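To start, the structure itself, in structure tokens.
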Amino acid sequence: MNDEFRDAVYQIVAAIPAGKVSSYGAVARQAGFPRHARFVGRLMSQLPTGSRLPWHRVLRGDGHIALAGTPTGEVQIQRLLDENVPVTGGRVAKAYFVTWND
DNA sequence: GCCCTGACGGGTA
DNA sequence: GTACCCGCCAGGG
8 MNDEFRDAVY
18 QIVAAIPAGK
28 VSSYGAVARQ
38 AGFPRHARFV
48 GRLMSQLPTG
58 SRLPWHRVLR
68 GDGHIALAGT
78 PTGEVQIQRL
88 LDENVPVTGG
98 RVAKAYFVTW
108 ND
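Note that the first sequence covers residues 8 to 109 in the working numbering.
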């Protein structure tokens with residue numbers, strides 16, 4: 008895959024404001040590569056632990072935490088709660104999703 | 001090039 | 001709400 012896509016995804020994710028969340032599919036779409044949600048997930052999984060990217064603001068399309076049940080997922084939830092994003096039952100309300108101005 | 005895998009997503013029962 | 005199923009596309013063995 009192009010480095011362009013990777014770079015685009017990083018920018019989109021970095022553009023998600025604190026207190027808001029988005030989905031892998033939405034990020035891929037915004038990056039100009041629809042149906043590459045899985046690839047976005049792959050990029051996240053390959054991100055170094057100390058990355059400055061707010062990857063924790065990226066969830067599944069239905070608002071469910073992708074890695075719920077795993078250590079990384081717990082960290083993600085904790086970070087979201089820290090940003091005043093309610094995580095109930097391992098999921099976030101659709102109302103907290105960023106509203107992209109297409 | 002084939003086959004399996006996956007931090008996905010939408011549809012159906 | 002839960003459980004399945006199927007389409008999607010790139011990576012890695």
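Positions of the beta carbon are idealized from the N, C-alpha and C atoms, including for glycine.
Values in this document were obtained by computation on a predicted structure and should not be read as measured data.
| Asked | Found |
| --- | --- |
| Distance between Val99 and Gln71 (C-alpha atoms, nearest Å) | Checking the sequence, you will find His at residue 71 rather than Gln. Computed Cα separation, rounded: 6 Å. |
| Whole alpha helix (DSSP H) elements within the region 18-82, 4-residue minimum | 31-37, 44-53 |
| 7 Å CB neighbourhood of Tyr103 in its chain, flanking five on each side removed | Lys27, Val28, Val92 |
| Gln85 burial status per 10 Å Cβ neighbour count (16 or more: buried) | exposed |
| Closest residue to Arg13 among Pro24, Ile23, His43 (Cα-Cα distance) | His43 |
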